Amino acid sequence: MSEQIQRNNIKNLELRARMPQIFRVLAIAALAATVIAIGIGFYRAYGYKEFRMKGLPTELSKDVVAEINDYERRETEGDVLKYYIKADKATTFTDNHQELENVFLQVYDDAGEKFDQMTAEKAIYIPAENKNFTAFFAGDVNIETRDALKVKTDQLTYNKETETADAEELIEFSRENVAGKSVGAIVNIRDKTLELLKDVEINAYGNGEGEFKSSDFQRAKITAGHAFLNQLAGKIEFDQNVNINVTPNKNAGELAQPTDIKSDKAIASFTDKELKQIDLNGNVDVYQKPTDANAKWTKTKANRAVAKIDKELKQLELFDNVTIETTANDAKPTKIKTNYALYEKDADKFQLKNGVEIVTVEDNQPTTIHSQDAVYEQSNGKIFLSGNAEIMQGNNYLKGDNLTAQLFPNKKLQNAYVRGNAYLKQSTPERTTEVSGNELNAIFGNDQLLQNANVVGATNTVLIPANADEYSKVTLSALNSIKLNFQAGLLSQMQTEGRTTIMMNAPNNKPDASNKKLTADAVKTVLNANGKDLAKAEAVGNAELYIEPLQSAPANYKTTINAPRFDCDFFETGNNARNCSATGKSKVMRMPTIATANRGTQTLAADKLNAAFNQQTQDIQQFDAVGNTKFTELDRNGIANQITFTASDEVVRLRGGEPTIFDSRARAKAGEIDWDTRNEKSFLRGNVSTTYYSQKQTNGATPFSDVSSPVFITAGDANFDHRTEIATYTGNARAWQENNYVRADKLILQQKQGQLYGEGSVQSLLYDAKKKENGKETIVPVFASADKLFYTKDKNLLRYEGNVDIRQGTDRIVAGVASVVLNDKNEVSNTVAENNVIITQPNRKAVGDYAQYTATDEKVILRGNPARIDDSENGSSQGAQMTVFLREKRVIGESKTEQNNSGRIRTVYKVKKQ
Numbered sequence: 000m001s002e003q004i005q006r007n008n009i010k011n012l013e014l015r016a017r018m019p020q021i022f023r024v025l026a027i028a029a030l031a032a033t034v035i036a037i038g039i040g041f042y043r044a045y046g047y048k049e050f051r052m053k054g055l056p057t058e059l060s061k062d063v064v065a066e067i068n069d070y071e072r073r074e075t076e077g078d079v080l081k082y083y084i085k086a087d088k089a090t091t092f093t094d095n096h097q098e099l100e101n102v103f104l105q106v107y108d109d110a111g112e113k114f115d116q117m118t119a120e121k122a123i124y125i126p127a128e129n130k131n132f133t134a135f136f137a138g139d140v141n142i143e144t145r146d147a148l149k150v151k152t153d154q155l156t157y158n159k160e161t162e163t164a165d166a167e168e169l170i171e172f173s174r175e176n177v178a179g180k181s182v183g184a185i186v187n188i189r190d191k192t193l194e195l196l197k198d199v200e201i202n203a204y205g206n207g208e209g210e211f212k213s214s215d216f217q218r219a220k221i222t223a224g225h226a227f228l229n230q231l232a233g234k235i236e237f238d239q240n241v242n243i244n245v246t247p248n249k250n251a252g253e254l255a256q257p258t259d260i261k262s263d264k265a266i267a268s269f270t271d272k273e274l275k276q277i278d279l280n281g282n283v284d285v286y287q288k289p290t291d292a293n294a295k296w297t298k299t300k301a302n303r304a305v306a307k308i309d310k311e312l313k314q315l316e317l318f319d320n321v322t323i324e325t326t327a328n329d330a331k332p333t334k335i336k337t338n339y340a341l342y343e344k345d346a347d348k349f350q351l352k353n354g355v356e357i358v359t360v361e362d363n364q365p366t367t368i369h370s371q372d373a374v375y376e377q378s379n380g381k382i383f384l385s386g387n388a389e390i391m392q393g394n395n396y397l398k399g400d401n402l403t404a405q406l407f408p409n410k411k412l413q414n415a416y417v418r419g420n421a422y423l424k425q426s427t428p429e430r431t432t433e434v435s436g437n438e439l440n441a442i443f444g445n446d447q448l449l450q451n452a453n454v455v456g457a458t459n460t461v462l463i464p465a466n467a468d469e470y471s472k473v474t475l476s477a478l479n480s481i482k483l484n485f486q487a488g489l490l491s492q493m494q495t496e497g498r499t500t501i502m503m504n505a506p507n508n509k510p511d512a513s514n515k516k517l518t519a520d521a522v523k524t525v526l527n528a529n530g531k532d533l534a535k536a537e538a539v540g541n542a543e544l545y546i547e548p549l550q551s552a553p554a555n556y557k558t559t560i561n562a563p564r565f566d567c568d569f570f571e572t573g574n575n576a577r578n579c580s581a582t583g584k585s586k587v588m589r590m591p592t593i594a595t596a597n598r599g600t601q602t603l604a605a606d607k608l609n610a611a612f613n614q615q616t617q618d619i620q621q622f623d624a625v626g627n628t629k630f631t632e633l634d635r636n637g638i639a640n641q642i643t644f645t646a647s648d649e650v651v652r653l654r655g656g657e658p659t660i661f662d663s664r665a666r667a668k669a670g671e672i673d674w675d676t677r678n679e680k681s682f683l684r685g686n687v688s689t690t691y692y693s694q695k696q697t698n699g700a701t702p703f704s705d706v707s708s709p710v711f712i713t714a715g716d717a718n719f720d721h722r723t724e725i726a727t728y729t730g731n732a733r734a735w736q737e738n739n740y741v742r743a744d745k746l747i748l749q750q751k752q753g754q755l756y757g758e759g760s761v762q763s764l765l766y767d768a769k770k771k772e773n774g775k776e777t778i779v780p781v782f783a784s785a786d787k788l789f790y791t792k793d794k795n796l797l798r799y800e801g802n803v804d805i806r807q808g809t810d811r812i813v814a815g816v817a818s819v820v821l822n823d824k825n826e827v828s829n830t831v832a833e834n835n836v837i838i839t840q841p842n843r844k845a846v847g848d849y850a851q852y853t854a855t856d857e858k859v860i861l862r863g864n865p866a867r868i869d870d871s872e873n874g875s876s877q878g879a880q881m882t883v884f885l886r887e888k889r890v891i892g893e894s895k896t897e898q899n900n901s902g903r904i905r906t907v908y909k910v911k912k913q
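If you count the sequence shown from 1, position 513 lands on 512 in numbering that gives the first Met the number 0, and the numbers rise without skipping.
Structure representation (structure tokens):
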């Protein structure tokens with residue numbers, strides 16, 4: 000019995016010895032998990048006493064090693080108190096885990112003065128490897144830190160290895176003016192973050208009376224499905240149905256308004272314990288509510304927003320798919336759509352960007368506003384628009400680069416001042432009135448009808464009748480100004496004169512000049528501010544521009560341009576056109592004033608056309624055509640997305656959309672094409688692709704067998720000389736028909752001579768060879784490479800020069816030069832190879848200076864000084880001339896040769912082992 004008591008005493012002493020170390024680590028870890036949440040804290044339920052953590056081991060030892068009642072311990076370093084711990088009971092079990100009851104723990108700062116305090120009804124300590132452990136706290140867990148953070152929960156788990164603390168049930172927290180709760184929390188001590196897992200609710204108060212108490216000074220309440228607190232960043236991130244209610248502090252003033260905010264995600268930022276900013280993302284919905292003292296309200300929606308808070312919502316910045324409804328009184332709201340908005344509550348101002356639509360009032364005659372950017376001062380009734388600004392009210396339409404509008408109190412348009420590309424259109428059943436200029440001022444009455452419009456400087460006014468059978472479309476021009484007066488909203492007086500035809504004759508009838516005439520259903524002209532010179536002209540409806548040189552010459556053309564509409568610009572002086580831009584399907588016809596053999600009528604068609612003129616001669620200087628363009632002269636045609644024609648050199652430049660030139664024999668495509676119509680040459684650059692409609696169209700200049708199948712040639716660049724019929728392809732040039740091809744750095748096709756020349760990295764598959772083996776005859780393709788290639792149609796001869804390498808099946812010929820004669824089936828008839836000839840077959844190699852291959856008997860006559868044959872099975876032979884039978888294991892040596900040598904034959908036989 001005394002021995003048993005002694006053993007128990009020893010165990011008790013061991014437990015007492017270990018307990019300070021255990022509780023010191025446990026206390027520091029548990030409290031560190033709470034201290035990091037400086038701005039907010041934990042939160043949780045109350046009243047459960049059992050351990051319900053998911054991570055609690057299901058099987059713990061029930062065999063007690065030792066028990067200590069009324070445990071109490073103070074740990075010091077020198078004279079400084081580090082921590083104090085006590086428990087009603089401490090029990091150690093055989094698996095080394097400890098259980099504590101009614102735990103009380105205080106952890107002191109470095110000075111031993113201030114402390115963090117924690118209590119719990121129960122605690123379980125489970126040691127692990129590497130001095131790690133897991134601690135479980137249960138039952139009325141209370142934490143109060145030295146910086147006034149208070150936490151209540153019922154279950155808490157701490158893992159030393161991961162430095163995380165988990166609370167799986169309701170947790171409540173408060174610190175100064177912030178309080179909240181959540182179901183579940185994860186604290187990362189290392190990263191100083193806190194994750195609130197479910198049913199998050201956080202309240203921020205306007206004073207410091209926060210701990211689980213309501214207050215008349217509450218400013219913000221935030222609920223969400225999830226939250227993440229980052230102590231280092233000083234921010235709280237919310238997601239999953241975020242709802243925020245901001246109630247102004249009573250010190251904010253009588254006009255302060257409450258605000259409801261919703262979004263998928265939100266980030267709340269606190270400064271000096273005050274909520275200052277909320278970043279919102281996803282389905283943002285912000286509603287600033289009216290009050291008894293302030294009837295103004297604003298509703299906004301966007302993909303993303305940033306809210307600035309100062310006792311109330313002071314500023315709201317909205318991004319992407321923004322919609323706004325706002326009113327300063329009980330009237331119908333103004334509706335706004337944009338992609339960016341900045342709302343300043345005190346100024347009652349909206350800054351809008353990136354595409355704006357404003358509908359001031361929705362009724363039977365709404366005022367609708369569009370622009371790239373806008374500023375809307377709601378209380379002042381002013382709108383500032385910039386970039387493609389437009390206002391529509393009833394049958395009136397205004398637009399310009401910049402526009403300033405003043406609204407009546409009922410939010411209808413009172414007046415508008417337009418700067419830059421100013422334009423006014425009024426549509427009635429009888430006609431459409433168009434007014435344009437640089438600056439325009441329009442005034443409207445209370446009845447929303449236009450009263451007058453004034454335009455200063457060079458200007459145009461166009462009247463387009465609704466009934467074209469009885470009325471003409473009128474274009475009016477003014478030198479200095481136009482004043483339009485309206486009665487009952489209809490045009491009543493206009494002080495100007497109109498002209499629908501513009502004649503532009505050559506100044507002083509200079510002999511090298513041209514006359515021009517511009518006609519259309521409607522022609523609108525704009526003059527410079529000096530009142531003397533034309534600035535612009537617009538011809539609408541069946542427009543035709545005719546240019547006729549005063550003298551005939553081979554280089555002079557009569558030019559007619561037809562298009563639905565022309566827009567012409569003029570030189571600064573002289574009333575001479577600088578360029579005319581044709582919109583819609585346009586067509587140009589140029590007829591030579593003197594006919595020549597190889598020149599004909601030129602036509603140019605496009606969706607849009609610009610004609611530039613020479614200031615001295617007033618003749619065409621350049622055409623710029625865009626959209627489905629086509630240029631034609633005689634049999635030759637050119638198409639592209641854009642064509643530029645310059646009269647000085649008569650070059651047609653095709654650009655964009657796959658430029659193509661074609662005639663009755665072939666077509667060619669490239670990234671850029673310059674067609675010199677005067678010298679009958681074409682220059683193609685970038686991804687050149689040519690299709691000859693058949694091999695016959697190349698005049699046999701390509702070594703392909705099928706005369707009726709098309710021939711394709713591609714290259715980086717190409718030059719065509721249409722007179723000499725020579726085409727030069729450079730840059731990875733490749734010509735092919737079906738499976739046959741030739742590739743080189745440069746290919747030159749001479750159609751008249753029926754010749755093809757290739758240079759640089761030549762590769763080809765142009766012909767086949769017959770191969771007899773085992774009594775069967777097969778056709779094998781022949782691959783060849785060399786530095787140069789020459790093909791002559793008349794001799795049906797292919798000549799390869801430089802680093803020649805010819806392969807047919809398993810046979811290979813390497814030489815300096817090789818000439819290949821083809822039969823009418825494009826099969827090899829014979830091949831002559833010269834200079835360092837090497838012929839290889841499986842297990843056999845032949846070397847010489849000259850080799851002649853004949854396809855009929857598949858033999859090679861090899862000459863050299865000496866010629867040599869090595870056979871891995873039969874030995875080697877050498878001599879001045881030798882005949883190799885490719886399909887037989889047979890070699891014949893001959894002493895006679897044209898070469899000057901001894902004529903001796905030497906053979907070495909290889910004896911096979913039996």
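Even for Gly, the Cβ is constructed at its ideal location relative to N, Cα and C. Because the structure is a prediction, the values reported are computed rather than measured.
Query raised in the report: Roughly how many angstroms lie between the CA atoms of Asn437 and Gly419, to the nearest whole one?
Result: Rounded to whole angstroms, the separation of the alpha carbons of Gly419 and Asn437 is 5 angstroms.
Report task. Report the rounded CA-to-CA distance for Lys745 versus Gly801, giving the unit in angstroms. Result -> Spanning the two alpha carbons is a distance of roughly 15 angstroms.
Query raised in the report: From what residue to what residue does the beta strand (DSSP E) around Gly354 run?
Result: Segment: none, Gly354 is in no beta strand (DSSP E) and carries neither H nor E.
Report task. Go to Ile125, then tell me how far its beta strand (DSSP E) extends in each direction, as first and last residue. Result -> For Ile125, the uninterrupted beta strand (DSSP E) run begins and ends at 114-126, by DSSP.
Report task. Note down, in chain order, each residue of its chain lying with its Cβ closer than 6 angstroms to the Cβ of Phe682, except the 5 sequence neighbours on either side. Result -> Excluding residues up to 5 positions away in sequence, Asp673, Asn718 lie with their Cβ nearer than 6 angstroms to the Cβ of Phe682 in the same chain.
Query raised in the report: Smallest Cα separation from Asn129: which of Lys288, Asn158, Thr333?
Result: Relative to the Cα of Asn129, the nearest Cα in the group Lys288, Asn158, Thr333 belongs to Asn158.
Requested in this report: Would you mind sorting Phe884 into buried or exposed? The rule is 16 or more other CB atoms within 10 Å of its CB.
Outcome: The residue in question, Phe884, is exposed, as its Cβ has fewer than 16 Cβ neighbours within 10 Å.
Query raised in the report: Where does Lys771 land, buried or exposed, given buried means 16+ other C-beta within 10 angstroms?
Result: Around the Cβ of Lys771, a 10 Å sphere holds fewer than 16 other Cβ atoms; the residue is exposed.
Query raised in the report: Which of the three DSSP states, helix, strand or coil, is assigned to Gln550?
Result: Correct three-state label for Gln550: coil.
Query - Three-state secondary structure (DSSP) of Phe541 - result: Correcting the residue type first, residue 541 is Asn in the shown sequence and not Phe. Assignment of Asn541 by DSSP, reduced to helix, strand and coil, places it in the strand class.
Query raised in the report: Considering Met590, what are the terminal residues of the beta strand (DSSP E) in which it resides?
Result: First-last of the beta strand (DSSP E) with Met590: 576-591.
Requested in this report: Using a threshold of 8 angstroms, state whether the C-beta atoms of Ala267 and Val283 are closer than that.
Outcome: No. Outside cutoff.
Query raised in the report: Sorted by chain position, which residues of the same chain lie with C-beta nearer than 8 angstroms to Asn834's C-beta, five sequence neighbours on each side aside?
Result: These residues qualify, in order along the chain: Ala814, Gly815, Val816, Asp848.
Report task. Report the three-state DSSP secondary structure of Asn459 (helix, strand or coil). Result -> The answer is strand: DSSP assigns Asn459 an E or B state.
Query raised in the report: When DSSP labels each residue in this structure, what does Asn129 get in the three-state scheme?
Result: Three-state result, Asn129: helix.
Report task. Can you tell me the Cβ-Cβ gap for Ile335 and Phe318, rounded? I've got them flagged as a contact below 8 angstroms. Result -> That belief does not hold up - the Cβ atoms of Ile335 and Phe318 are roughly 14 angstroms apart, past 8 angstroms.
Query raised in the report: Going by Cα to Cα distance, which pick from Arg72, Thr91, Trp296 is closest to Lys61?
Result: Of the candidates Arg72, Thr91, Trp296, the residue whose Cα lies closest to the Cα of Lys61 is Thr91.
Query raised in the report: With respect to the beta strand (DSSP E) encompassing His225, which residues constitute its N-terminal and C-terminal limits?
Result: Annotation: the continuous beta strand (DSSP E) that includes His225 extends over 225-229.
**Report entry** Inter-residue Cα distance where the pair is Ile382 and Val651
**Finding:** In this model, Ile382 and Val651 are separated by some 50 angstroms (Cα to Cα).
Report task. With DSSP collapsed to three states, give me the class of Glu893. Result -> The three-state secondary structure of Glu893, taken from DSSP, is strand.
Requested in this report: State the DSSP-derived secondary structure class of Thr697, mapped to helix, strand or coil.
Outcome: Three-state DSSP puts Thr697 in a helix.
Report task. Quickly, what does DSSP pair Asp259 with across the bridge? List them, please. Result -> According to DSSP, Asp259 bridges with Asn244, Tyr286.
Query raised in the report: When the Cα atoms are used, what is the spatial distance from Thr33 to Val186?
Result: Caution applies to Thr33, whose pLDDT of 36 falls short of 50 and renders its modelled position unreliable; the value that the coordinates give is listed next. Approximately 8 angstroms, taken between the alpha carbons.
Query raised in the report: For Ala404, which three-state DSSP category applies?
Result: When secondary structure is reduced to three states using DSSP, Ala404 falls in the strand class.
Requested in this report: Could you spell out the range, first to last residue, of the beta strand (DSSP E) harbouring Ala665?
Outcome: Boundaries of the beta strand (DSSP E) around Ala665: 665-668.
Report task. Give the DSSP bridge partners of Leu885, in chain order. Result -> The partner list for Leu885 (beta bridge, DSSP) is empty, contrary to what the question assumes.
Report task. Quick one: residues in its chain with C-beta nearer than 7 angstroms to the C-beta of Val710, no 5 flanking neighbours on either side, listed in chain order? Result -> Contacts found: Tyr691, Gln694, Thr697, Thr701, Phe703, Ala734, Gln736.
Query raised in the report: Which class does Gly209 belong to by DSSP, given the choice of helix, strand or coil?
Result: Residue placement at Gly209 is poorly supported in this model, since its pLDDT is 43, which falls under 50; the coordinates still yield a value, given next. Gly209 falls in the coil class under three-state DSSP.
Report task. From the DSSP output, read off the bridge partner residues of Pro918. Result -> This structure cannot speak to residue 918, because the chain is shown only from 0 to 913.
Query raised in the report: Are the Cβ atoms of Val199 and Gly224 separated by less than 8 angstroms?
Result: Going by C-beta atoms, Val199 is nearer than 8 angstroms to Gly224.
Query raised in the report: Excluding the five sequence neighbours on either side, which residues of its own chain have a C-beta within less than 6 angstroms of the C-beta of Glu893, listed in chain order?
Result: These residues qualify, in order along the chain: Gln880.
Requested in this report: Would you kindly check if the distance between the Cβ of Arg577 and the Cβ of Phe612 is under 8 angstroms?
Outcome: Going by C-beta atoms, Phe612 is nearer than 8 angstroms to Arg577.
Query raised in the report: Pro563 by DSSP, collapsed to three states: which one?
Result: Correct three-state label for Pro563: strand.
Query raised in the report: Going along the chain, which unbroken runs of the beta strand (DSSP E) with 3 or more residues stay wholly within the region 362-398?
Result: Runs of beta strand (DSSP E) with 3 or more residues, each lying fully within the region 362-398, are found at 366-370, 372-376, 381-392, listed in chain order.
Query raised in the report: Taking the DSSP output, what are the residues bridged to Phe570?
Result: Per the DSSP secondary-structure output, Phe570 pairs with nothing in a beta bridge.
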